[in-house]
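> Dropping a structure here in structure tokens format, bear with me for questions.
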Amino acid sequence: MSARLPSRTLIIAASLLVRATVAVVLGLGVDEAYAVSVARPWSVSYFDHPPLHFWLAGAMTWLTGSTEAIAVRLPFLVLFTGTLWLVGQLTARAFGDVAARYAVLALAASGVLGITSGSWVLPDGPLLFLSMLGVYLLYPLVVDETTGQEPAEHGKWRWFAAGLAFGAAALAKYHALLLVSGLGMYLLLDAHARRHLRTPWPWMALLIVMVACTPVVWWNAQHEWVSFRFQGGRAHAEQWSPAPFVEMLGGQIAWLLPWVSVPLGIALVRAPANGQRAQRARRLFRCIAALPILAFSLIPLGGARGLPHWTAPGWLYVFPLLGAWAAATPTAGRWLRGGALATASLVAALVLHVSTPVVDRFLSASVRDKDPTRDGVRWDAAIVPADLYVVRSWIQGGQVGVAAGPNARIVCLCADPHHFPFRHPGDALGPGERGVLLERRRGAGGTSPVSATQLGGDSLSITVRDTVSVGRGVEVIRYDVVRAPQKQL
């Protein structure tokens, strides 16, 4: 069976090539454009997420002087390549080389993990790599050591290094705390690993993680805990309802891609483990995976609709188990090999759709207008010099920020402006200043006219300048916005 699978190195290289192609062809998505736009000026933390992926995006725009997709996505391409290598190493150590090949192949073909988290400017890329690095560092201590052997004194450096890795992961996404908790659950449940809790080193590692979180806590304390309130509010319970729960399960299957997600769920339950060490490894991966998967799958039972990718960091730790199951089950192995081809075909179709107008010719105008790939069209052609740019949603603010550059002043006049009010606190169109309001035209009838009342009072003068095409049928309406000078007394 192993002869029919390429080496891990070849699989990882092919994954990088596919992800790099997507990164070049597909423009920045909604969340990516927003992250690039608010990343500068630099901030200790941000409204909706911890700061690490914003810092990476800001560093790339500073180093390259560009907001082009491939420039800002480069660190995320590299990080996921490292994630694939770590998953392969851990799986080989636990279940053998054939299992490792299948685990890497399935992860590379897994949609939301293998493509989006693997290349886009999102918090998941750093989270996946850094948390997996932490597990990789601790694996020899908590799984491989001989039963009855006392924890080695020289192993303390691994606890310190793992604490730094998990601490950095906590600077990427709040999910890191659930993954750390899953590791703690394993230390409590596994008699072999529990010995380490009698030493100071796991507790020192936990302290390092807590210290690493201080920038996020400090920034939130200065801003009325907005990030914690925003994220906590997304999980509020309204009333019991099975519908959001079913939607969440279906969403996970779709986002991971069915040819990967279905065997992944089976492997979580049925993965074989021959030998004591393999059994400990299986327990470790299950414990770390459990909390993100269970928490974000069950929260929708309270009526709050969640997003399917919230569980993805937990599913990452099931891929070693999937590799073990596929190596022991010929049918599963054949299924995964076919699934990898299906993912490659899907990516090829996406690249063709974005690169050529072939598919658009067969779509109605309303369907084309709702095509999510058009969110990646840059608005450079719509940018004109202005004292300030005005938008009516954080999504369009991201598009303007990418096109206008990191120094552009942007005011988002909407109920949910995300980080824009914190980017330049107190920024507003002053008396006598001229701004430009940019808004994407939607539908055949266009966008409803903007009134001065919507934007802050009668002292504003708002007139339509023109409508420009920015590419792929996306049109942007430009308004001139002027605030009247203050009257002299």
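In this text, residue positions in the sequence shown follow my numbering: the first is -15, and each later residue adds one.
Even glycine gets a Cβ: it sits at the ideal position worked out from N, Cα and C.
If you follow the alpha helix (DSSP H) that Thr75 is part of, which residue opens it and which one closes it?
As a first step, residue 75 is located in the sequence shown; it is residue number 91 there, counting from the start. From DSSP, the alpha helix (DSSP H) with Thr75 extends over 53 to 79.
> Which of the three DSSP states, helix, strand or coil, is assigned to Val458?
Counted from its first residue, the sequence shown places residue 458 at position 474. In this structure, Val458 counts as strand in the three-state DSSP scheme.
> Quick one: give me the first and last residue of the beta strand (DSSP E) that Leu421 is part of.
One-based indexing of the sequence shown puts residue 421 at position 437. 418 to 424 is the span of the beta strand (DSSP E), which, as asked, contains Leu421.
> Can you check which of these residues, Phe60, Ser211, Val458, is closest to Ala349 by C-alpha distance?
Here the question's residue 349 lines up with position 365 in the sequence shown. Among Phe60, Ser211, Val458, the Cα nearest to that of Ala349 is on Val458.
> For the alpha helix (DSSP H) that Tyr18 lies in, which residues bound it at each end?
To locate residue 18, count along the sequence shown from 1; it is residue 34. 14 to 22 is the span of the alpha helix (DSSP H), which, as asked, contains Tyr18.
> When the Cα atoms are used, what is the spatial distance from Pro284 to Gly382?
Sequence index remark: in the sequence shown, residue 284 carries index 300 (1-based). Sequence index remark: in the sequence shown, residue 382 carries index 398 (1-based). Each residue's Cα considered, the two are about 29 Å apart.
> For the alpha helix (DSSP H) containing Leu40, list its first residue and its last residue.
Within the sequence shown, the letter at position 56 stands for residue 40. Run containing Leu40: 36 to 48, per the alpha helix (DSSP H) assignment.
> Could you tell me which of Pro199, Leu172, Cys197, Thr198 sits nearest to Pro186, measuring between CA atoms?
By one-based count along the sequence shown, residue 186 stands at place 202. Selected option, being the one with the closest Cα: Leu172.
> On the three-pair Cβ rule with 8 Å, is the segment 362 to 382 touching the segment -14 to 3?
No, because fewer than three Cβ pairs between the segment 362 to 382 and the segment -14 to 3 fall closer than 8 Å, the two stretches do not touch.
> Taking the alpha-carbon positions, what's the Thr48 to Val195 distance?
As a first step, residue 48 must be located in the sequence shown, where it is residue number 64. As a first step, residue 195 must be located in the sequence shown, where it is residue number 211. Using only the alpha carbons, I get a separation of about 31 Å.
> Can you have a look at Ala(-13) and say buried or exposed, based on whether 16 or more other CB atoms are within 10 angstroms of its CB?
The sequence position of residue -13 within the sequence shown is 3, counting from 1. Here the model assigns Ala(-13) a pLDDT of 49, short of 50, so the residue's position is not dependable, and the following value carries that caveat. Answer is exposed; the Cβ neighbour count stays below 16.
> Sorted by chain position, which residues of the same chain lie with C-beta nearer than 7 Å to Val210's C-beta, five sequence neighbours on each side aside?
Position 226 of the sequence shown, counted from the start, is the residue given in the question as residue 210. Counting only Cβ-Cβ distances below 7 Å, and skipping sequence neighbours, we find Phe31, Asn204.
> Starting from Val375 and walking both ways along the beta strand (DSSP E), at which residues does that stretch end?
As a position in the sequence shown, residue 375 is number 391, starting the count at 1. Run containing Val375: 372 to 375, per the beta strand (DSSP E) assignment.
> Within its chain, find whatever has a CB closer than 7 Å to the CB of Thr447; leave out the 5 residues flanking it on each side and keep chain order.
Position 463 of the sequence shown holds residue 447. Closer than 7 Å at the Cβ level, and outside the excluded window around Thr447, lie Tyr463, Asp464.
> If you reduce the DSSP assignment to three classes, tell me which class Cys197 lands in.
In the sequence shown, residue 197 corresponds to position 213, counting from 1. Coil at Cys197, not helix or strand.
> Would you tell me roughly how many angstroms separate the C-alpha atoms of Gly98 and Gly13, rounded to the nearest one?
Taking the sequence shown and counting its residues from 1, one reaches residue 98 at position 114. Taking the sequence shown and counting its residues from 1, one reaches residue 13 at position 29. So the alpha carbons of these two residues sit roughly 16 Å apart.
> Can you list, in chain order, the residues of its chain with a C-beta nearer than 6 Å to that of Ala273? Leave out the 5 residues immediately preceding and following it.
What you label residue 273 is simply residue 289 of the sequence shown in a count that begins at 1. Hits under 6 Å: Gly298, Tyr301, Val302.
> Does the Cβ-Cβ distance between His402 and Trp363 come in under 8 Å?
For this step, residue 402 is matched to residue 418 along the sequence shown. For this step, residue 363 is matched to residue 379 along the sequence shown. Contact: no.
> Rounded to the nearest angstrom, what separates Ala177 and Tyr170 at their Cα positions?
One-based indexing of the sequence shown puts residue 177 at position 193. One-based indexing of the sequence shown puts residue 170 at position 186. Each residue's Cα considered, the two are about 8 Å apart.
> For Glu474, which of Ser339, His293, Gly259 has the nearest alpha-carbon?
With the chain running from -15 to 473 in the structure shown, residue 474 is simply not present.
> Name the two residues that bound the continuous beta strand (DSSP E) containing Cys396.
Residue numbering aside, residue 396 sits at position 412 when the sequence shown is read from its first letter. Residues 394 to 396.
> Leu473: buried (16+ other C-beta within 10 angstroms of its C-beta) or exposed?
Taking the first residue of the sequence shown as position 1, residue 473 is located at position 489. Annotation note: pLDDT 46 at Leu473 (below 50); position unreliable, no value reported.
> For Leu40, is the beta carbon positioned less than 7 Å from some heavy atom of the ligand ZN?
Ligands displayed in this structure: none; no statement on the ligand ZN is therefore possible.
> For Phe38, is the classification buried or exposed, using 16 other Cβ atoms within 10 angstroms of its Cβ as the cut-off for buried?
Looking up residue 38 in the sequence shown gives position 54. Buried, by the Cβ-count rule.
> Please report how far the alpha carbon of Ala19 lies from the alpha carbon of Ala160, in whole angstroms.
Numbered from its first residue, the sequence shown carries residue 19 at position 35. Numbered from its first residue, the sequence shown carries residue 160 at position 176. About 20 Å.
> With a 10 Å radius around its C-beta and 16 neighbouring C-beta atoms as the bar for buried, classify Ala154 as buried or exposed.
As a position in the sequence shown, residue 154 is number 170, starting the count at 1. Buried, because 16 or more other Cβ atoms sit within 10 Å of the Cβ of Ala154.
> With DSSP as the reference, label Asp474 as helix, strand or coil.
With the chain covering only -15 through 473, there is no way to say anything about residue 474.
> Please say whether Arg425 and Arg358 have beta carbons closer to each other than 8 Å?
Position 374 of the sequence shown holds residue 358. Position 441 of the sequence shown holds residue 425. Cβ atoms of Arg358 and Arg425: not closer than 8 Å.
> Among residues of its own chain, excluding the 5 on either side of Pro59, which ones have a beta-carbon nearer than 6 Å to its beta-carbon?
Locating residue 59 in the sequence shown gives position 75, counting from the first residue. Leu40.
> Let me know the secondary structure DSSP gives Val230 once reduced to three states.
Along the sequence shown, one-based indexing puts residue 230 at 246. Of the three classes helix, strand and coil, the one that applies to Val230 here is helix, per DSSP.
> Going by beta carbon distance, what residues of the same chain come within less than 7 Å of Gly139, once the five residues before and after it are set aside?
Numbered from its first residue, the sequence shown carries residue 139 at position 155. Once the five neighbours on either side are set aside, the close Cβ partners of Gly139 are Leu125.
> My parser needs the alpha helix (DSSP H) runs of 4 or more residues fully inside the segment 84 to 150; what are they?
Qualifying alpha helix (DSSP H) stretches, in chain order: 108 to 123.
> Leaving aside the five residues before and after Ser339 along the sequence, list all residues of the same chain whose C-beta is less than 7 Å from its C-beta, in chain order.
Counting from one through the sequence shown, the residue named residue 339 turns up at place 355. Contacts found: Val9.
> Identify which residue in Val96, Val62, Val343 has its Cα closest to the Cα of Trp239.
Translated into positions along the sequence shown, residue 239 becomes position 255. Here the closest residue by C-alpha is Val96.
> Less than 6 Å between C-beta atoms, sequence neighbours within five positions excluded: which residues of the same chain meet that for Leu114?
Here residue 114 is taken as the residue at index 130 of the sequence shown, counted from 1. The answer, listed in chain order, is Ala149, Ala152, Ala153.
> Between which two residues does the alpha helix (DSSP H) holding Gly286 run?
Position 302 of the sequence shown, counting from 1, holds the residue named residue 286. Where Gly286 is concerned, there is no enclosing alpha helix (DSSP H), given that its DSSP letter is neither H nor E.
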